[in-house]
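Every letter in the sequence shown is one number past the one before it in full-length UniProt numbering, and letter 23, counting from 1, is 23.
As structure tokens, the structure follows; a few thoughts come after it.
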Amino acid sequence: MNLIDRLKEKNIKVRDIPGWGAYLKKEWETHFAGHLSEKEKQSIYLSDQDGFGGYLWHLFSYKKRTCLEGEMAEGAFRDQQKQKCFIFFQDTEDALLLENASGFDVKDLSSEVGRDVYVVDKQFRWTFVLTHETDWLGPYFSRR
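So this is what it looks like as structure tokens:
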């Protein structure tokens, strides 16, 4: 079952917002990595440089922002109140807006293994990130 169907089955309102990925990535960077200089961002390959890097989650793997990792991150995400939130992906410009998302859980993202998936509340106060490096790096949870 794909992500959208799984969420709708849980009575979560899902709105596909194609093309919003770039906007959400920039907002995420502003809210969670805004304390870094451009040089620091380049040093951790936060954004694409000549086809190399470009992973927002490097903010956490390079220890440039406090976060929870692994099972602790999953627990924090599970416990987080989720009314409205965005889901976006590193590799596409696709995005989803979820409403009435209190039942949204880590397990709902099981169809996205192997992808970099970002979940953020509508006000960018917290984020949960799954990486394509499953079982090695991440998941991560952080508050702004």
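In this text, a Cβ means the ideal position worked out from N, Cα and C, and glycines have one as well.
Owing to the predicted nature of the structure, the values given are computational and were not obtained by experimental measurement.
Where residue i sits in the DSSP three-state scheme
i           : result
residue 23  : helix
residue 165 : Outside the shown range of the chain, which is 1 to 144, sits residue 165, and nothing can be said about it.
residue 113 : coil
residue 61  : helix
residue 162 : The first residue shown for the chain is 1 and the last is 144, placing residue 162 beyond what the model contains.
residue 69  : strand
residue 10  : coil
residue 107 : helix
residue 79  : helix
residue 96  : strand
residue 135 : coil
Identity of the residue in the options nearest residue i by Cα
i           : options              : result
residue 14  : 43, 44, 22 and 85    : 85
residue 55  : 46, 10 and 17        : 46
residue 24  : 79, 58, 87 and 77    : 87
residue 105 : 143, 120, 32 and 132 : 120
residue 75  : 22, 127 and 18       : 127
residue 62  : 33, 20 and 82        : 33
Bounding residues of the alpha helix (DSSP H) (the contiguous stretch that carries residue i)
i           : result
residue 130 : First-last for residue 130: 126-130, but that is the beta strand (DSSP E), not the alpha helix (DSSP H).
Start and end residues, beta strand (DSSP E) containing residue i
i           : result
residue 87  : 84-89
residue 142 : 140-143
Whole-angstrom C-beta distance between residue j and residue i, which should lie under 8 Å
i          : j          : result
residue 96 : residue 17 : 7 Å
Decide yes or no for the touch test of the region 6-13 against the region 28-40: beta carbon pairs closer than 8 Å, at least 3 of them.
no
With a threshold of 8 Å, are at least 3 pairs of Cβ atoms found where one atom belongs to the region 35-45 and the other to the region 111-121?
no
So, do the region 126-139 and the region 54-69 have three or more beta carbon pairs nearer to each other than 8 Å?
yes
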